[in-house]
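Some notes on the structure that comes next.
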Amino acid sequence: VGVTLAQWLVLEGNNRAGAAITAAMQPVIPVLSAIFSFFLGVESFTAAKCIAVSIATLGALGLTHIDEGASHRGKETATGILALAAQVTSYATFLVGMGRLLRGRGNVSLRAFVFATLSGWVVIAFANMIICLNDINATVQWMKAAPPLAWLGAVYAGVFVSFVAHSSQNYCVARASSTTVALFGTIQPLVGVVLAVLIFNDPWELRDGAFMLMIVGGVVGVVLVDARAKPELEFKELSPNESEANAAPAPEVELTNVL
23 VGVTLAQWLV LEGNNRAGAA ITAAMQPVIP VLSAIFSFFL GVESFTAAKC IAVSIATLGA
83 LGLTHIDEGA SHRGKETATG ILALAAQVTS YATFLVGMGR LLRGRGNVSL RAFVFATLSG
143 WVVIAFANMI ICLNDINATV QWMKAAPPLA WLGAVYAGVF VSFVAHSSQN YCVARASSTT
203 VALFGTIQPL VGVVLAVLIF NDPWELRDGA FMLMIVGGVV GVVLVDARAK PELEFKELSP
263 NESEANAAPA PEVELTNVL
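Counting from 23, one number per residue, gives the positions in the sequence shown under our numbering.
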């Protein structure tokens, strides 16, 4: 549900606001993840890490060109940005919740995340089509009438986006902080803005390059801070029965008769 909701919102936001704004909004996810993690007590933050995350976010906000309105970047831009705001919030909540749930629960294999992510996406997407059309027969007819390119797009969205990206993120968030995992999504503005310029003829300005450098610098800064940080020890509270079971056995004492 967490993956499907975020993916539906990002597709809707992309349709309304345009590819550049959609890509530029994604770096907000690590900021929200950091805020949620901090208040939940899941992750601690140093001043350097906060500054690095802020720099990456400011670069992403700069790429949205909110000062210009960006009306040329998509239809119904305001509605699209609202959908994208809901998307980044929901996915940040999902990453933090998933990380807190899975932390300390053993080594869950990547195949388990792949199966759960892909099957959940397929089931919920098909159920959503039935709900929207209110008729399973109409849904089947609509699926038959869909052109091959539409199915290729669905396969791409389901396999390459959900199967690879989200499964990998869910796998990593159980082993690293949600903020660090989410920060790697900031590569999207670098690719998204360039493709928007090449394919959709979106305008390019010199300051866009500066904003991209801010994103890269922020990501590198967080990675370096995490690499230098000392691992924290985790303590698990044991019940009285577990404490007795895990206690070291008492040494055997050999008794001899002393005459």
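Note that the Cβ used here is the ideal one computed from N, Cα and C, for glycine as well.
Within the same chain, V75 and T201 come within 6 Å of A56 by CB-CB distance, once the 5 residues on both sides are set aside.
Ranking M47, V25, R122 and A82 by CA distance to the CA of F60 puts R122 first. Secondary structure of T68 (DSSP, three-state): coil.
Under the Cβ criterion (8 Å, minimum of three pairs), the segment 35-49 does not count as touching the segment 185-197. Membership of W173 in the alpha helix (DSSP H) is indicated by the continuous run P170 to V177. Excluding its 5 nearest sequence neighbours in each direction, Q109 has C-beta neighbours in its own chain below 7 Å: A28, L31, V32 and G35, listed in chain order. Judged by beta-carbon spacing, V219 lies beyond the 8 Å limit of A70, meaning their Cβ atoms are not closer than that value. L205 and V244 do touch by the CB rule: their CB atoms are close to 5 Å apart, below 8 Å. In the DSSP assignment, Q191 falls within the alpha helix (DSSP H) that extends over S189 to V195.
For R122, the enclosing alpha helix (DSSP H) starts and ends at T99 to L124. Annotation for D230: the continuous alpha helix (DSSP H) segment containing it runs L228 to R250. For S55, the enclosing alpha helix (DSSP H) has its first and last residue at V50 to L62. Collapsing the DSSP output to three states places A198 in coil. For the options G40, V186, W226 and L171, the alpha carbon positioned closest to that of L104 is the one of G40. Taking every protein chain shown into account, the CB of I77 has 16 or more other CB atoms within 10 angstroms, so this residue is buried. With distances taken between CA atoms, L54 lies nearest to T115 out of G81, L83, G84 and T115. In the structure shown, N37 adopts helical secondary structure according to DSSP, grouped into three states.
In this structure, G84 and G240 do not form a Cβ contact; the two beta carbons are roughly 12 Å apart against a cut-off of 8 Å. Residue nearest to L140 within the set T111, W164, V177 and M234 is V177 (criterion: CA-CA distance).
CA-CA distance, T99 to L106, rounds to 10 Å.
Nearest to L117 by C-alpha distance, out of M236, S190 and I73, is S190.
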